[in-house]
Structures are given as C-alpha cells and as structure tokens.
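Student: Residue numbers (the numbering used here): 1484 to 1943. Heads up, the beta-carbon is just placed ideally off N, CA and C, and yes, glycines get one too. Here it is, the structure, as structure tokens.
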Amino acid sequence: MSSQSGQKVLRIGLIQNGKIIEERLMRSMKPVTIGSALEKNELVVPASDLPKSMTVFDVSNGRYVLHFTSKMSGRVSLGDGVVPLEELISKGKAKKTAQGFSVELPPNGRGKVVIGEVTLLFQFVTAPAARPKPVLPASMRGGWGRGMDRALGLIILLSAILQIGFVVYLETQHFLIEDIEYVFPTRFVQISVDKDEEEPPKVEVEVTDGDGPSVETEEPVATKSEDKGKESPEEMAEDRARERTMKAVEDKTLLRVLGAKGEGGSVVDTLLNGVGNISAEEAFANSTGVQHAEAGVERSGIRGKGSPDGDGVGARAGIDELGAMKGAKKAQGGVDTGQIAERQVKARPIKIQDPNDMAGGTLDNKTVSTAIRRRQAAIQACYERELRRNHQAGGRVVINFTISARGSRGAVTQAKAVVDDVGGGVGQCVANEIQNLRGLPAPDGGDVIINMPFVFQPGQ
C-alpha cells in the first residue's frame, strides 16, 4: 500500500560496531527482515553473527508490530514513556509468539533494538516529498541530428538524391527496341545444304542355262569404291598403286595355279567348287614371274605322273599328290627346330663408397654408405633388368636425396635421379630404392642433402 500525503512512514537506521552502515525509509508498509542472506532480506548484514533471515517488523491491522526474543536488548517508547524490552516481557505487555515476543507500535513510537553486534534504531516520521528524477536542461540535450557531422550528412544527402534521381529517370523513359529479322543470306544457305547423292544405275546381268553347277545370285553389295568420288587425288593415286601391286603379286605367285584340279580331290577343291577348270598352261599364260622349263632339265620337287623329259611345262599335279615330293615323308615324323638358349647376362658388382658431396646438417657419411649397401642387391637388380633388354647398357647414375632431421630417426624425404646415362628407367628405379632406406640416424643442424654416384658396367 503506497503512502498518502501527511502519513508517517518507518525510518530505520542500521549500526554495526558503532558505525551507521545503512539508513532506509520504508515508504510502503510491508514486513522488514534482517539477516546475512542477500536475496531474502530488506536489511543485509553479511559479516555478522545474525541468522540468514528473521522478521523484525511486521504489518498487522494497518500498524507495525515489533518482533524480538529474550536474547535481544533495547528500549521502546510506546507514548507513556520509554520501557526496556525485559520489562515488557515481565509485565506481560509483550505477546508470546512462536519465534519469541511481539509488541504493537503506536504512530509516534520509536526505539532501539540490539541484535548481537548489530543495533537497529527506528522511528515514525512524516514522509518527505519524492525526489524528482534528474533531467538535463534543454540546451544540453542531444539528438540524432545534432550528433551527426555536418559534412557527412551533406554527402549522404547528395548521394541519395543522385541515386534516386537516376532510378526515377530510367523508369520514366521508354526505350524503343528495334525488331531485328535474323535472315541468313542466300549464299550461306546454298553452302550449308548438301546435294542429294545420285544413285548409280543398276546393271542387269543376263544368266543363261548351262551344264555347270548352279550358282546362287546375291544382291549387289555397296562397296567403298562408290565413295571414290569423294577421295582426294592423292588417295586415288595410292589406291591405284595398291591395286597394281596386288595384281603383280597374284601373277608371280601360286595364287593363279591353286584353281587347277588334278586327278584326286582335296579340301582346296571343295572350297573352290564352282570355279572353272583352268590348266596350268592357261594359268601361267600371262604370268611374267613363271618361266617354262626346257626339255631334259630336271623339274622342281613338285611333279606329276608325266615324264620330266617331255616338252612344255609338264603334267598337272593335284594338291593331294604333294605327298610324293622329296622330303615329305621326313617332314611327317616332325622337324627338329632346336632349342633356344637364353643368354646369361651379368653385370659387374657396383662399388658403393662413402658420399663426399653433402650439404646442410652434419651426418656420418659411413652411416649413409652402410645403409645403402643394405639395398645393394635391389639397386643391382635395377641395372640387370635393363641389361637383359640392352646388352650394351651402362653408364653413370647420380641420385640426389634429402635426409630429414625431424624426429629421432632420419628418413629420406625425397630422392630423384639428376644424372641417368644408363636410361631405361634405371635412375628412377635406384631413386625408389634410396627412398626406402632405413636405419639412418637424425642429422644434426638440419636436413642433409646428398649426391650419391653409381657406376654400372656390363660383365665380361
């Protein structure tokens, strides 16, 4: 309940160890508590022997009631004089409560209550007027316009005018868009359109009945010769030269004779069924690579039943009669082709010396050479693998590698072949083996860069 004009309010003063530490004016009537807890009390005394919270003044029937215990001391003025708290208890003026005792205070009452090391002084006084909230004078009040720099405000204003004005100008203008007709010129249309290819005229072949075996006619199949019109002159010349070469090969080989039949049948006769019977004389009539034998001269191993002394080219022989030729029976037993012996290729052992070309940190060169000797067999295998392909392979290979100083053990971080006179990937193979070196100590003073030479020579 808020206080009205002229109504008295409770004024409390808090004293600790003889010093006033707080003064409170209770403008509204409400219970007043004291203790060491910060959240629960109106009057807080943290460094004291007070309990966490206890009620000192309570409100009952519109008046304040003082609560105290027998352990407290003090005096209270109830209008007819000042009375000690012990006397109020002994005369029965104080009412017994669960926490102790209580006594109702008059509107003009005042008093003093001692709670351990803390003393409370209280009295009822007329409430003073509320202090108005401090307000700055109008000349000192600021605003968003006064806090802005004048030059900055002018720049922002001009920028806004220019941008808004430009947008308004674009919106009010009506720009004409020209209608462009995308038409290709006639010359381009003629070039881009392909002409229809004319089909070659069909040639009808008259077939007459004869005594020969029947041959099934097939539909003509389009070949690549139809496209010769599109070939360049160089390609056409190459095709004609190729045809002349094939014709010459056919004339000078046995391809012209394979069609002739002897007295016996063979698989070739079956495959060539339907081909006209051509004698050897007719087959070699126009040949330039086969010449006639003279009388009395021994023929080749391929001969028929006729006499070798006769005139002309002799009698015809079937392919099934070739078993009588010289050496045919020997060939039936198999031909000894011999054995292919693989050539043994050996390389001279490489000599691994202590590296002298070292830069960077400090590392024992003997330790490096010892680690490389552990990989000597693998390095030798890199060279022998190339030596099998090229028996004259040999030369000098220089590997540049870096031993890192990080960690307790040294490791090869990078290795590459800077010189590879052998070729065939020998340098890269050796670099890979150097990359796999193990058992190296960490160098002192940083990473170590080494150039390690290897000389490879074929064995005798």
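Using only the alpha-carbon positions, how far apart do Gly1519 and Ser1536 sit?
Tutor: The identity of residue 1519 in the sequence shown is Ser, whereas the question assumes Gly. Distance between the alpha carbons of Ser1519 and Ser1536: 7 Å.
Student: At the level of alpha carbons, what is the spacing between Val1601 and Leu1619?
Tutor: So the two alpha carbons sit approximately 41 Å from each other.
Student: Would you list the residues sitting across from Tyr1547 in a DSSP beta bridge?
Tutor: Paired residues: Val1542.
Student: What's the C-alpha gap between Gly1844 and Gly1908?
Tutor: In a straight line, the C-alpha of Gly1844 is about 31 Å away from that of Gly1908.
Student: Within its chain, find whatever has a CB closer than 6 Å to the CB of Val1527; leave out the 5 residues flanking it on each side and keep chain order.
Tutor: The residues are Leu1521.
Student: Within the same chain, show all residues whose beta-carbon is closer than 7 Å to that of Asp1930, passing over the 5 residues directly before and after it, in chain order.
Tutor: Gly1843, Gly1844, Thr1885, Ile1886, Ser1887 and Ala1888.
Student: Glu1869 lies in the alpha helix (DSSP H); which residues open and close that run?
Tutor: Segment Gln1859 to Arg1872, the alpha helix (DSSP H) holding Glu1869.
Student: Excluding the 5 residues preceding and the 5 following Val1515 in the sequence, name in chain order all residues of the same chain whose CB lies nearer than 6 Å to its CB.
Tutor: Only Glu1525, Val1539 and Phe1540 meet the Cβ criterion.
Student: Between Val1938, Met1623, Pro1924 and Arg1856, which lies nearest to Val1880 when the distance is taken from Cα to Cα?
Tutor: For Val1880, the nearest C-alpha among the options comes from Val1938.
Student: Checking 7 Å against the spacing of the C-beta atoms, do Gly1948 and Arg1831 come in under that value?
Tutor: Beyond the ends of the chain as shown, which are 1484 and 1943, falls residue 1948; an answer cannot be given.
Student: Give the straight-line distance between the Cα atoms of Lys1730 and Arg1723, rounded to the nearest whole angstrom.
Tutor: Rounded to the nearest angstrom, the two C-alpha atoms are 11 Å apart.
Student: Closest Cβ-Cβ distance between Val1596 and chain C: below 7 Å?
Tutor: The structure shown contains no chain C; it holds only a single protein chain.
Student: Can the beta-carbon of Met1935 be found less than 7 Å from the beta-carbon of Ile1882?
Tutor: Yes. Within cutoff.
Student: What residue from Leu1497, Leu1637, Ser1511 and Asp1563 has the CA that sits closest to Ser1531's CA?
Tutor: For Ser1531, the nearest C-alpha among the options comes from Leu1497.
Student: Where does Gln1499 sit, in a helix, a strand or coil, going by DSSP?
Tutor: Strand.
Student: Could you tell me which of Arg1507, Pro1589 and Gly1557 sits nearest to Ser1543, measuring between CA atoms?
Tutor: Nearest of Arg1507, Pro1589 and Gly1557 to Ser1543, Cα basis: Pro1589.
Student: Anyone know if the C-beta pair for Leu1493 and Met1509 falls short of 7 Å?
Tutor: Yes.
Student: Tell me, please, whether the stretch 1564-1574 touches the stretch 1625-1639 by the rule of three or more beta-carbon pairs shorter than 8 Å.
Tutor: These segments do not touch.
Student: On the premise that Val1895 lies in contact with Ile1917, defined as a C-beta separation below 8 Å, what is that separation, rounded to the nearest angstrom?
Tutor: That belief holds up - the Cβ atoms of Ile1917 and Val1895 are roughly 6 Å apart, short of 8 Å.
Student: Output needed for Phe1551: all residues of its chain with C-beta closer than 7 Å, excluding positions within five of it in sequence on either side, in chain order.
Tutor: Cβ within range, chain order: Leu1568, Gly1583, Phe1584 and Val1596.
Student: Could you tell me the alpha carbon to alpha carbon distance between Ala1743 and Arg1727, rounded to whole angstroms?
Tutor: Model confidence at Ala1743 stands at a pLDDT of 46, short of 50, so the residue's coordinates are unreliable and nothing is read from them.
Student: Identify, in the order they occur along the chain, each residue of the same chain with its Cβ nearer than 6 Å to the Cβ of Gly1557, setting aside the five sequence neighbours on each side.
Tutor: Only Leu1568, Lys1595, Val1596 and Val1597 meet the Cβ criterion.
Student: Assuming contact is defined by CB atoms lying nearer than 7 Å, are Leu1920 and Ala1861 in contact in what I supplied?
Tutor: Result no, Cβ atoms of Leu1920 and Ala1861 do not sit closer than 7 Å.
Student: Let me know the secondary structure DSSP gives Gln1836 once reduced to three states.
Tutor: In this structure, Gln1836 counts as coil in the three-state DSSP scheme.
Student: Comparing alpha-carbon positions, which option in His1874, Ser1511, Gly1592 and Glu1654 lies nearest Phe1607?
Tutor: Among His1874, Ser1511, Gly1592 and Glu1654, the Cα nearest to that of Phe1607 belongs to Gly1592.
Student: By the 10 Å Cβ neighbour count, where 16 or more other Cβ atoms means buried, how is Gly1575 classified, buried or exposed?
Tutor: Exposed, because fewer than 16 other Cβ atoms sit within 10 Å of the Cβ of Gly1575.
Student: By a C-beta neighbour count over all protein chains shown, 10 Å radius and 16 as the cutoff for buried, is Phe1658 buried or exposed?
Tutor: Under this definition Phe1658 is an exposed residue.
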